[in-house]
Amino acid sequence: MNGSDPSTLGHYNTLLAHNYLWMAGGFERNLAQNRTFFAARSLTPTAGGIAIDLGAGCGFQSIPLAMAGYSVIAVDFCRPMLDILAEQAGTLPIRPVQADIRAFEKWAGAGPELITCMGDTLTHLPDGEAVQALIQRCAAELLPGGSLIIACRDYSAGPEGGTVVIPVRSDNRKIFLCRLDYGPVRVTVTDILYTQESGTWERVASTYRKIRIAPGVLTGILEDAGFQILQHEIREGIITVTAQKHP
């Protein structure tokens, strides 16, 4: 994951990173889902085998890509998440890079044939101009005919001024809730974690912001950057786009 301000990084370092695997349903489940996802798009290394995973987190995308034969550059600003990735990756060809994904110089020049930006990473950017700059840089870095895959949550449909509380996951010891407060161009996200210790429930909460980007706006930015849209869908509130740089 990656954020636009220090509060987002603090949120990941202090709350999310230590609970992320549990919150997301476990590593093996996400590994299997993404192996199926990439296989369905017939992604196999052909032109040097470099893939860049922007907002790599704990490796839900990087590890399946490495297992498929790519050499992966895994970029994320959260060191605890990258530590989980390294532990899970073992000897797979993955190079973790701790950096904000907007620090282009940290991951540029590798000549990738594939770039992924998934796990809601894109909505952590501060505004549409940052999204446009990132996509334009991806276009410049990809080899001709290379692919860019973006997956992010669609917050555009939420009502301005509305509030939604989502029960994310719970068990006998933990309850994780996510509150969304919709503004005109951003949604304020408050993650709330209840944990039971010695019979007493304790509450921890942290807040950060994400941008609201409509699916049509996203595909328009991709096309303006010279990409051809190969696949575009919205399923269970997630926008997924596979785009190809013109040969």
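Heads up, the sequence shown is in our numbering, so the first residue is 399 and it goes up one at a time.
Think of the CB as a built atom: it goes at the ideal place given N, C-alpha and C, for glycine as much as any other residue.
None of the values given here were measured: they were computed from a predicted structure.
>> Here's the rule I'm using: 16 or more other beta-carbon atoms within 10 Å means buried, otherwise exposed. How should histidine 644 be labelled?
In response: Against the sequence shown, residue 644 aligns to sequence position 246. By the C-beta density criterion, histidine 644 is exposed, having fewer than 16 other C-beta atoms within 10 angstroms.
>> The beta strand (DSSP E) that contains serine 568, what's its start and end?
In response: Taking the sequence shown and counting its residues from 1, the one referred to as residue 568 is at position 170. Run containing serine 568: 561–568, per the beta strand (DSSP E) assignment.
> Considering only the beta carbon of each residue, do leucine 520 and cysteine 550 sit closer than 8 Å?
Replying inline: Translated into positions along the sequence shown, residue 520 becomes position 122. Translated into positions along the sequence shown, residue 550 becomes position 152. In this structure, cysteine 550 lies closer than 8 Å to leucine 520 by Cβ.
>> To the nearest angstrom, how far is the alpha carbon of histidine 522 from that of glycine 408?
In response: Locating residue 522 in the sequence shown gives position 124, counting from the first residue. Locating residue 408 in the sequence shown gives position 10, counting from the first residue. If you take the alpha carbons of histidine 522 and glycine 408, they lie about 13 Å apart.
> Apart from the five residues on each side of it in sequence, which residues of its chain come closer than 7 Å, Cβ to Cβ, to leucine 620?
Replying inline: Against the sequence shown, residue 620 aligns to sequence position 222. For leucine 620, where only same-chain residues beyond five positions count, the Cβ hits under 7 Å are Ile533, Ile627, Val639 and Ala641.
> When you compare only the Cα positions, how much space is there between leucine 463 and tryptophan 599?
Replying inline: Counting from 1 along the sequence shown, the entry for residue 463 is found at position 65. Counting from 1 along the sequence shown, the entry for residue 599 is found at position 201. Going by the C-alpha atoms only, they are around 39 Å apart.
> Would you call the CB atoms of glutamine 459 and methionine 516 closer than 8 Å?
Replying inline: As a first step, residue 459 is located in the sequence shown; it is residue number 61 there, counting from the start. As a first step, residue 516 is located in the sequence shown; it is residue number 118 there, counting from the start. Against a cut-off of 8 Å, the Cβ pair of methionine 516 and glutamine 459 comes out as a contact.
> Can you tell me the Cα-Cα spacing of isoleucine 482 and isoleucine 461, whole angstroms?
Replying inline: Counting from one through the sequence shown, the residue named residue 482 turns up at place 84. Counting from one through the sequence shown, the residue named residue 461 turns up at place 63. One C-alpha to the other measures close to 11 Å.
> Should proline 510 and glutamate 539 be called a contact, given that it needs their Cβ atoms to be closer than 8 Å?
Replying inline: Walking along the sequence shown from the start, residue 510 turns up at place 112. Walking along the sequence shown from the start, residue 539 turns up at place 141. Yes, these two residues count as a Cβ contact at 8 Å.
>> Please return the same chain residues whose Cβ sits closer than 6 Å to the Cβ of serine 545, not counting the five positions on each side in sequence.
In response: Position 147 of the sequence shown holds residue 545. Once the five neighbours on either side are set aside, the close Cβ partners of serine 545 are Leu512 and Gln642.
>> Tell me the DSSP secondary structure of leucine 620 in three-state form.
In response: As a working note, residue 620 is residue 222 in the sequence shown. Residue state, collapsed to three classes: helix.
> Do you know whose CA, among Ile573, Ile636, Gly635 and Gln629, lies nearest serine 440's CA?
Replying inline: The residue you call residue 440 lines up with position 42 of the sequence shown. Answer by Cα proximity: Gln629.
> Among the residues of its own chain, which have a CB less than 8 Å from the CB of glycine 624, if the five just before and after it don't count?
Replying inline: Here residue 624 is taken as the residue at index 226 of the sequence shown, counted from 1. Scanning its chain for C-beta atoms nearer than 8 Å, with the 5 sequence neighbours on each side dropped, one finds around glycine 624 the residues Ala537, Lys643 and His644, in chain order.
> Whole-angstrom Cβ separation of valine 646 and phenylalanine 574, contact assumed at under 8 Å?
Replying inline: Missing from the structure shown is residue 646; the chain here goes from 399 to 645 and no further.
>> According to DSSP, simplified to helix, strand and coil, what is tryptophan 599?
In response: Along the sequence shown, one-based indexing puts residue 599 at 201. In the structure shown, tryptophan 599 sits in a strand (DSSP, three-state: E or B).
> Along the chain, which unbroken stretches of the alpha helix (DSSP H) at least 4 residues long are found entirely within the stretch 489–562?
Replying inline: Counting only runs that start and end inside the stretch 489–562, the alpha helix (DSSP H) elements of at least 4 residues fall at 526–539.
> How would you call threonine 561, buried or exposed, if buried means at least 16 neighbouring beta carbons within 10 angstroms?
Replying inline: The residue you call residue 561 lines up with position 163 of the sequence shown. Exposed.
>> Give me the residue from Pro478, Ile547 and Asp474 with the minimum Cα distance to isoleucine 499.
In response: Position 101 of the sequence shown holds residue 499. Minimum Cα distance to isoleucine 499 is reached at Asp474.
>> Please state whether the Cβ-Cβ distance between proline 494 and alanine 472 is less than 8 Å.
In response: The residue given as residue 494 occupies position 96 in the sequence shown. The residue given as residue 472 occupies position 74 in the sequence shown. Yes, the Cβ-Cβ distance between proline 494 and alanine 472 is below 8 Å.
> Any idea if glycine 401 is buried or exposed, counting beta-carbon neighbours within 10 angstroms, 16 or more meaning buried?
Replying inline: Reading the sequence shown from its first residue, position 3 is the one you call residue 401. Caution applies to glycine 401, whose pLDDT of 49 falls short of 50 and renders its modelled position unreliable; the value that the coordinates give is listed next. Its Cβ being crowded by 16 or more others within 10 Å, glycine 401 is buried.
> For valine 473, which of helix, strand or coil comes out of DSSP?
Replying inline: Position 75 of the sequence shown, counting from 1, holds the residue named residue 473. DSSP, read as helix, strand or coil, puts valine 473 in strand.
>> Taking the straight line between their C-alpha atoms, what separation do you get for threonine 489 and glycine 559?
In response: On the sequence shown, residue 489 is found 91 positions in, with the first residue counted as 1. On the sequence shown, residue 559 is found 161 positions in, with the first residue counted as 1. Going by the C-alpha atoms only, they are around 48 Å apart.
> What separation, rounded to the nearest whole angstrom, lies between the Cα atoms of glutamine 594 and histidine 416?
Replying inline: Reading the sequence shown from its first residue, position 196 is the one you call residue 594. Reading the sequence shown from its first residue, position 18 is the one you call residue 416. Rounded to whole angstroms, glutamine 594 to histidine 416 spans 16 Å at the Cα level.
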